[in-house]
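Read the structure below first, then the notes.
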Amino acid sequence: MKHFFIIVCLVSVLRISAQTFPSTDANGNKIYYRIFSADPNYTNKCIQDNTTNTTYTYFVNDYDAGSTKQQFELMVNKNDSTQYYIRNRSSRKYFWNLFIVKDLFNYVRPTADKSNAVLVTVTPLDKNQVTLQITGFDGLTYYLNAADANSIYDRVYLEDALDSRYAWYIINAAIDPGTGIETARINAGVSVYARNRRIYVTGTAHYTIHDLTGRKLPH
2 MKHFFIIVCL
12 VSVLRISAQT
22 FPSTDANGNK
32 IYYRIFSADP
42 NYTNKCIQDN
52 TTNTTYTYFV
62 NDYDAGSTKQ
72 QFELMVNKND
82 STQYYIRNRS
92 SRKYFWNLFI
102 VKDLFNYVRP
112 TADKSNAVLV
122 TVTPLDKNQV
132 TLQITGFDGL
142 TYYLNAADAN
152 SIYDRVYLED
162 ALDSRYAWYI
172 INAAIDPGTG
182 IETARINAGV
192 SVYARNRRIY
202 VTGTAHYTIH
212 DLTGRKLPH
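Those letters in the sequence shown? Residues 2 to 220, per the numbering used here, in order.
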């Protein structure tokens, strides 16, 4: 028996408010995320898996609503809720502890299996932005950034990271970044419409209605 969720969108919301990223929703469905650059120079660009048969690379590419190559699982470290294993939905490759820059866009070299994957620390900034950092082979901390080859080794100060090439948004992949509305998942035969300030649902009796704060509303 399928159950439908209807969200009443009173205000368009683009960014998620919390800095923790669950792997499943309340119904046990897996959640995928997109990782967007917060740098104004890279507006509407997010990390995408560009893996081929011979190379394993992640680039920062233009947002593509239908691309699973831009969607990632975040699997939390049970011992530290600020750390995650990050795996691409399409290639199933993980982030590794080697950040490389090519041309104007940063890319991350992934690894093939979790045994060699690196934990990525997610540090919250203001405005729902975060930094993503790993510990390198040399024991130093490295930050994921959108940079060119001339600036990759610039010193990073967290107080200056906001809105910079070191800042990122992690957004539920089911959310359209242009509207802030969750992607519709309604089967044929089910109709949802509004009339005279009331919401009507036909074709199923199994649904709930929530506002954007998560409050359950009456049918």
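Note that CB positions come from ideal geometry on N, CA and C, so glycine has one too.
Predicted, not measured: the structure shown is a model, and the values here were computed from it.
In the three-state DSSP reduction, N89 falls in the strand class (E or B). Looking at P41, T53 and R35, the one whose alpha-carbon comes closest to that of C47 is R35. Q84 sits in a strand when the DSSP states are folded into three classes.
R88 sits buried, since 16 or more C-beta atoms from the chains shown fall within 10 Å of its C-beta.
Relative to the Cα of H207, the nearest Cα in the group R199, R216, V193 and R198 belongs to V193. Of the residues S91, L75 and F60, the one whose Cα lies closest to the Cα of G67 is S91. H211 and F22 have their C-alpha atoms roughly 20 Å apart. For D50, the beta-bridge partners assigned by DSSP are Y59. Under the three-state reduction of DSSP, Q71 is assigned to helix. The C-beta of Y170 has 16 or more other C-beta atoms within 10 Å across all chains shown, which makes the residue buried. Approximately 16 Å separates the beta-carbon atoms of K115 and D50; this is outside 8 Å, ruling out the contact. For D127, the closest alpha carbon among the candidates Y167, G137 and D139 is that of Y167.
Taking the Cα of D40 as reference, the smallest distance to any Cα among A147, D65 and A174 is reached at A147.
The C-beta distance from L120 to N78 rounds to 6 Å, short enough to fall under 8 Å.
Here Q134 is not near L163, since their CB atoms are 8 Å or more apart. Judged by DSSP secondary structure, R196 falls within the beta strand (DSSP E) whose first and last residues are S192 to R196.
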